[in-house]
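Protein sequence lines, in the order shown, are assigned to chains A and B. The first sequence lines up with residues 1 to 450 when you count with the UniProt record's numbering. The second sequence lines up with residues 1 to 225 when you count with the UniProt record's numbering.
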Amino acid sequence: MRINSLRLQLLAWVVLPLAGLATINLWTSQRNALATADLVTDRMLVGSARAIAEQVAMVDGVLDATVPPAAIEMFDTGDRDSVYYRVETAGGRLLTGYPDLPEAPQHASVEAAYRDHQLRLLTLGHAVIGAGNDSPISVTVGVTLAGHDAMVKQLWFSAFAQQLALVAIAGVFVLLGLRRGLAPLIRLRDAVRSPNRSDLDPVEVPGAQSEIRPLIDALNAYMERVRAQMAAQRRFIANAAHQLRTPLALLSTQASYALRESAADARQEALVALQASSGKLARLAEQLLTLSRAEPGSRRPRADRIDLAEAARHVLETLAPTAIDRKIDLGLEEAGPVPVIGDGTMLREMIVNLVDNALRYSRAEGSVTVKLAAIDGEAVLTVADDGPGIPADERDHVFERFYRIAGSTEEGSGLGLAIVREVVENAGGRVTLGDGAAGGLLVEVRLPLA
Amino acid sequence: MRLLLVEDNRELADWLGKTLRQANYVVDIVHDGEDVEHALAAGDHALVILDLALPRMSGLEVLRMLRTRGNRVPVIVLTANASLDGRVKGLNEGADDYLAKPFQIEELEARIRAQLRRANDRTAPVVACGDLVFDTNTRLFSLAGEALALTPREHAVLEQLMVKAGRTVSKAALSAAIYDFETDADPSAIEIYVHRVRKKLDGSRVQIATLRGLGYLLRQDDLAP
Numbered sequence: 001m002r003i004n005s006l007r008l009q010l011l012a013w014v015v016l017p018l019a020g021l022a023t024i025n026l027w028t029s030q031r032n033a034l035a036t037a038d039l040v041t042d043r044m045l046v047g048s049a050r051a052i053a054e055q056v057a058m059v060d061g062v063l064d065a066t067v068p069p070a071a072i073e074m075f076d077t078g079d080r081d082s083v084y085y086r087v088e089t090a091g092g093r094l095l096t097g098y099p100d101l102p103e104a105p106q107h108a109s110v111e112a113a114y115r116d117h118q119l120r121l122l123t124l125g126h127a128v129i130g131a132g133n134d135s136p137i138s139v140t141v142g143v144t145l146a147g148h149d150a151m152v153k154q155l156w157f158s159a160f161a162q163q164l165a166l167v168a169i170a171g172v173f174v175l176l177g178l179r180r181g182l183a184p185l186i187r188l189r190d191a192v193r194s195p196n197r198s199d200l201d202p203v204e205v206p207g208a209q210s211e212i213r214p215l216i217d218a219l220n221a222y223m224e225r226v227r228a229q230m231a232a233q234r235r236f237i238a239n240a241a242h243q244l245r246t247p248l249a250l251l252s253t254q255a256s257y258a259l260r261e262s263a264a265d266a267r268q269e270a271l272v273a274l275q276a277s278s279g280k281l282a283r284l285a286e287q288l289l290t291l292s293r294a295e296p297g298s299r300r301p302r303a304d305r306i307d308l309a310e311a312a313r314h315v316l317e318t319l320a321p322t323a324i325d326r327k328i329d330l331g332l333e334e335a336g337p338v339p340v341i342g343d344g345t346m347l348r349e350m351i352v353n354l355v356d357n358a359l360r361y362s363r364a365e366g367s368v369t370v371k372l373a374a375i376d377g378e379a380v381l382t383v384a385d386d387g388p389g390i391p392a393d394e395r396d397h398v399f400e401r402f403y404r405i406a407g408s409t410e411e412g413s414g415l416g417l418a419i420v421r422e423v424v425e426n427a428g429g430r431v432t433l434g435d436g437a438a439g440g441l442l443v444e445v446r447l448p449l450a
Numbered sequence: 001m002r003l004l005l006v007e008d009n010r011e012l013a014d015w016l017g018k019t020l021r022q023a024n025y026v027v028d029i030v031h032d033g034e035d036v037e038h039a040l041a042a043g044d045h046a047l048v049i050l051d052l053a054l055p056r057m058s059g060l061e062v063l064r065m066l067r068t069r070g071n072r073v074p075v076i077v078l079t080a081n082a083s084l085d086g087r088v089k090g091l092n093e094g095a096d097d098y099l100a101k102p103f104q105i106e107e108l109e110a111r112i113r114a115q116l117r118r119a120n121d122r123t124a125p126v127v128a129c130g131d132l133v134f135d136t137n138t139r140l141f142s143l144a145g146e147a148l149a150l151t152p153r154e155h156a157v158l159e160q161l162m163v164k165a166g167r168t169v170s171k172a173a174l175s176a177a178i179y180d181f182e183t184d185a186d187p188s189a190i191e192i193y194v195h196r197v198r199k200k201l202d203g204s205r206v207q208i209a210t211l212r213g214l215g216y217l218l219r220q221d222d223l224a225p
């Protein structure tokens, strides 16, 4: 529809002005036709008057005016025009013709009504030798306008036909040109719409003009971006499915074991383990969800003003039981509010992942310290543990999703640090890994202060 | 039957091992692809359950290595990658069967039984010797229609003899088939287990014959009434 309307639009832009020009042209050509007919008629009137005047002569001392038939017949163009004439002496004595014919000036024609007809009239003066005071005589010839009008019509009609043909031919060429010109655009539309385009392959439109080429290039570039994003999503989902399979197999195995076991204590042990596994699985699912929410474009960006110190205290309180179970000394060091702008839920989830990681990898009976400070307009959050740390050459990789350090026996999901990075970067900050004072890992998050 | 389970997720390996032991299999567990060859050399495993995602040496590499060295032990591959491509690759490298995680333990057990049957050239799930019958599906022995109660070690001994019924099984082979790595193999204890099993088979039409210097042999007693 849109392409059709573009066609109409272009057609209108070309044909309407052309029709306007043709109209002006027709008007001038009508005037030209009229002028031509006037000129021809006047010439004929002059010719006719001269023919009549030249027949006026002195015969036996008397002025004799005999009208030659040719002078009348030259107006016989088949339009049944009536010709009227009058021959007078200089003194105004009528020699022949119609006395009541309207007066007309010499050398110029006039139009006047006569006997219910419109006449075109002209007067010619002519000296007659030997006529004395009667010379010069004046000959007035008038003719009705049928022939004149027919000539105008004929002249004008051919001009009209030419103009009309011109506009029509122009319109046809515009349509043809448009069809040719728009063909690549229509092929592009068909290529994009084509039902066997399941993937986002680049569109190829052979013969596309230089004006359309940028559109196609832009479209292809856009599809390439979408494809890259989809590929990343697909990889993530495949990875996620992969990561869920082993814990699910574990759950199923533990349940089967418990069902088959008749000894109460062994059964109890299996059920406790089953509960722990399902808890881990739930945590994994939660992390996957967080990660998909942290992904750009998946959630309306929120700009909460939250106190990072307050959020950290809350997270630490929640995780305290885990720390106590593992006899880890979990501590918070802060000196007043550290306000930042960002998505509150995501920032809290970020802290949960950092502290959870620290607790997971810290030595039993070790310590984990969370520090908060506002330094140089930045909110600085550090989490230090006394675990094995992360070797320098692994530090770039650990932020990748599902990355797990080879040989690591701890059953982490490989998602924690990926979530941290995603959240911190969304909030306009950065995260770095370093060595803790007591060995172990030191994670530092810097966010702009609110 | 002694199985080798190769799985890097320690919890899953642990619980799979426990569940298979419930069904009277002897199960050894290794967590690393590099340990497989050593484990297979040390024990007489009837079957290997192999996870593909292993640290250091992937399951596929392990499989290729085993087959290149002519080891024909049946291998059931476990993997979290259920793609067609993954399955085909595994089977091409010489896996005998393929199971995608998550799986039901019943399916794994059925596949283990099927592989063991094939390895022993059997098609029927029930093995009989005289009036002693071993149902490989329930993994229970019965004698003259009555269920035969056996401890796990006795079960392992009798199963090994049953599978090789009519052929001699050396004491060393018996020992390799019934002890896992966590138990100190004690060849003299074999005699005790055989003795106990013999007592339980008393009065039946099967007997365990001792061939000095060679080993043991389970056979139908034609002379008994």
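The beta-carbon is built from N, C-alpha and C at its ideal position, and this holds for glycine as well.
Exercise. Relative to the C-alpha of A/P69, which residue among A/G47, A/L63, A/D79, A/I375 is closest?
Worked result: Residue mapping note: residue 69 of chain A aligns to position 69 of the first sequence, counting from 1. Measuring from the Cα of A/P69, the nearest candidate turns out to be A/G47.
For this session: Just the C-alpha distance for A/A65 and A/A71, rounded to the nearest angstrom, thanks.
Result: Start at 1 with the first residue of the first sequence, and residue 65 of chain A comes out as number 65. Start at 1 with the first residue of the first sequence, and residue 71 of chain A comes out as number 71. Approximately 13 Å, taken between the alpha carbons.
Problem set entry | Short CB-CB distance (under 9 Å) between A/S252 and chain B | Within the first sequence, residue 252 of chain A is the residue found at index 252, counting from 1. By this cut-off, A/S252 is an interface position.
Exercise. Buried or exposed: which applies to A/I351, given that a residue is buried once 16 or more other Cβ atoms fall within 10 Å of its Cβ?
Worked result: Residue mapping note: residue 351 of chain A aligns to position 351 of the first sequence, counting from 1. Per the 10 Å Cβ criterion, buried.
For this session: Measure the C-alpha to C-alpha separation of A/L359 and A/S367 and round it to an integer number of angstroms.
Result: Position 359 of the first sequence, counted from the start, is the residue given in the question as residue 359 of chain A. Position 367 of the first sequence, counted from the start, is the residue given in the question as residue 367 of chain A. Taking the straight line from one Cα to the other gives about 8 Å.
Exercise. In angstroms, rounded to a whole number, what distance separates the CA positions of A/Y84 and A/R120?
Worked result: The residue you call residue 84 of chain A lines up with position 84 of the first sequence. The residue you call residue 120 of chain A lines up with position 120 of the first sequence. Taking the straight line from one Cα to the other gives about 10 Å.
For this session: Let me know the alpha helix (DSSP H) ranges lying completely inside the segment 12-38 of chain A, each 4 residues or longer, listed in chain order.
Result: none
For this session: Give the residues of chain B in contact with A/L248, contact being defined as C-beta atoms less than 8 Å apart.
Result: By 1-based counting over the first sequence, the position of residue 248 of chain A is 248. Going along chain B in sequence order, the residues near A/L248 (Cβ under 8 Å) are K101, P102.
Problem set entry | Selection from A/L316, A/G336, A/P339 that minimises the alpha carbon distance to A/L330 | On the first sequence, residue 330 of chain A is found 330 positions in, with the first residue counted as 1. The residue with the shortest Cα to Cα distance from A/L330 is A/L316.
Problem set entry | Integer Cβ distance of A/V56 from A/I137, believed to fall under 8 Å | Along the first sequence, read from residue 1 onward, the residue named residue 56 of chain A stands at position 56. Along the first sequence, read from residue 1 onward, the residue named residue 137 of chain A stands at position 137. Yes, A/V56 and A/I137 are in contact; Cβ-Cβ is about 6 Å, under 8 Å.
For this session: Could you name the residues of chain A that B/I105 contacts, counting a contact when the two beta carbons are closer than 7 Å?
Result: Taking the first residue of the second sequence as position 1, residue 105 of chain B is located at position 105. What B/I105 touches in chain A: S252, T253, S256.
Exercise. What are the complete beta strand (DSSP E) segments, minimum 3 residues, inside the segment 111-159 of chain B?
Worked result: 126-129, 132-135, 140-143
Exercise. From this set, A/D217, A/L251, A/L185, A/A146, which residue's C-alpha is nearest B/D14's C-alpha?
Worked result: Along the second sequence, read from residue 1 onward, the residue named residue 14 of chain B stands at position 14. If we check each option's Cα against that of B/D14, A/L251 comes out closest.
Exercise. Where does B/H195 sit, in a helix, a strand or coil, going by DSSP?
Worked result: Translated into the one-based positions of the second sequence, residue 195 of chain B becomes position 195. Note: B/H195 maps to helix in three-state DSSP.
Exercise. Does the segment 95-104 of chain A come close enough to the segment 18-37 of chain A that 3 or more CB-CB pairs lie under 8 Å?
Worked result: no
Exercise. How is A/Y361 classed by DSSP in three states: helix, strand or coil?
Worked result: Taking the first sequence and counting its residues from 1, one reaches residue 361 of chain A at position 361. If DSSP states are grouped into helix, strand and coil, A/Y361 belongs with the helices.
Exercise. So, helix, strand or coil for B/M65, using DSSP?
Worked result: Along the second sequence, read from residue 1 onward, the residue named residue 65 of chain B stands at position 65. If DSSP states are grouped into helix, strand and coil, B/M65 belongs with the helices.
Exercise. Does any residue of chain B bring its CB to less than 9 Å from the CB of A/D282?
Worked result: Counted from its first residue, the first sequence places residue 282 of chain A at position 282. A small fix is needed here, since residue 282 of chain A is Ala in this sequence, not Asp. No, its Cβ sits nowhere closer than 9 Å to a Cβ of chain B.
Problem set entry | Among B/E11, B/P102, B/R69, B/N137, the one whose alpha carbon lies nearest that of A/A249 | Counting from one through the first sequence, the residue named residue 249 of chain A turns up at place 249. When only C-alpha atoms are compared, the closest one is B/P102.
Problem set entry | Separation of A/R395 from A/L433, as counted between CA atoms | As a first step, residue 433 of chain A is located in the first sequence; it is residue number 433 there, counting from the start. As a first step, residue 395 of chain A is located in the first sequence; it is residue number 395 there, counting from the start. Answer to the nearest angstrom: the Cα atoms are 7 Å apart.
For this session: Determine the chain B residues that contact A/H242 at a beta-carbon separation under 7 Å, and present them in chain order.
Result: As a first step, residue 242 of chain A is located in the first sequence; it is residue number 242 there, counting from the start. Near A/H242 (Cβ distances below 7 Å), the residues of chain B are A80, N81.
For this session: Measure the Cβ-Cβ separation of A/I328 and A/A427 and say whether it is below 9 Å.
Result: Sequence index remark: in the first sequence, residue 328 of chain A carries index 328 (1-based). Sequence index remark: in the first sequence, residue 427 of chain A carries index 427 (1-based). Cβ distance not < 9 Å, so A/I328 and A/A427 don't count as in contact.
Exercise. Does any CB atom of chain B fall closer than 9 Å to the CB of A/R227?
Worked result: Working through the first sequence from its first residue, we reach residue 227 of chain A at position 227. Not an interface residue.
For this session: Return the chain-ordered list of same chain residues with a C-beta closer than 6 Å to the C-beta of A/L281, the five sequence neighbours on each side being excluded.
Result: For the purposes of this step, residue 281 of chain A is taken as residue 281 along the first sequence, with counting starting at 1. Within the same chain, A/L281 has close Cβ partners P247.
Problem set entry | Bridge partners - A/H371, DSSP secondary structure assignment | Here residue 371 of chain A corresponds to residue number 371 of the first sequence, with the count starting at 1. According to the sequence displayed, residue 371 of chain A carries Lys and not His. Beta-bridge pairing links A/K371 to A/E333, A/T382.
Problem set entry | Per DSSP, the bridge partner or partners of A/D435 | Counted from its first residue, the first sequence places residue 435 of chain A at position 435. For A/D435, which the question treats as bridged, DSSP gives the partners A/L441.
For this session: Rounded to whole angstroms, what's the CA-CA distance from A/L178 to A/Q9? Just pull it up for me.
Result: On the first sequence, position 178 is the one that residue 178 of chain A refers to. On the first sequence, position 9 is the one that residue 9 of chain A refers to. Using only the alpha carbons, I get a separation of about 11 Å.
For this session: May I have the straight-line CA-CA distance separating B/L52 from A/S278, to the nearest angstrom?
Result: Here the question's residue 52 of chain B lines up with position 52 in the second sequence. Here the question's residue 278 of chain A lines up with position 278 in the first sequence. Near 23 Å, if we compare the C-alpha coordinates of A/S278 and B/L52.
Problem set entry | Buried or exposed by the 16-neighbour rule on C-beta atoms within 10 Å, applied to A/E422 | In the first sequence, residue 422 of chain A corresponds to position 422, counting from 1. A/E422 comes out buried.
For this session: Tell me, please, whether the CB atom of B/L16 is closer than 9 Å to any CB atom in chain A?
Result: Here the question's residue 16 of chain B lines up with position 16 in the second sequence. Closer than 9 Å to some Cβ of chain A, the Cβ of B/L16 qualifies, so yes.
Exercise. Listing by chain order, which chain B residues have their CB less than 8 Å from the CB of A/E261?
Worked result: Residue mapping note: residue 261 of chain A aligns to position 261 of the first sequence, counting from 1. Within chain B, the residues near A/E261 are Q22.
For this session: Taking A/R86 as the reference, give the member of A/E111, A/V59, A/L124 with the closest Cα.
Result: Here residue 86 of chain A is taken as the residue at index 86 of the first sequence, counted from 1. Out of A/E111, A/V59, A/L124, A/L124 has the C-alpha closest to the C-alpha of A/R86.
Exercise. So, is A/I3 buried or exposed, given that buried needs 16 or more other C-beta atoms within 10 angstroms?
Worked result: Position 3 of the first sequence, counting from 1, holds the residue named residue 3 of chain A. Bear in mind that the predicted position of A/I3 carries a pLDDT of just 48, short of 50, making it unreliable; the figure below should be weighed with that in mind. Per the 10 Å Cβ criterion, exposed.
For this session: Output the residue ranges of the beta strand (DSSP E) runs that lie fully inside the segment 81-166 of chain A and measure 3 residues or longer, sorted by chain position.
Result: 83-88, 94-97, 110-114, 117-126, 137-144
Problem set entry | Per-residue contacts from B/L12 into chain A (C-beta, under 7 Å) | What you label residue 12 of chain B is simply residue 12 of the second sequence in a count that begins at 1. Residues of chain A passing the Cβ test: T246, A249, L250, T253.
Exercise. When burial is assigned at 16 or more other CB atoms within 10 Å of the CB, is A/M346 buried or exposed?
Worked result: Walking along the first sequence from the start, residue 346 of chain A turns up at place 346. With 16 or more other Cβ atoms within 10 Å, it is buried.
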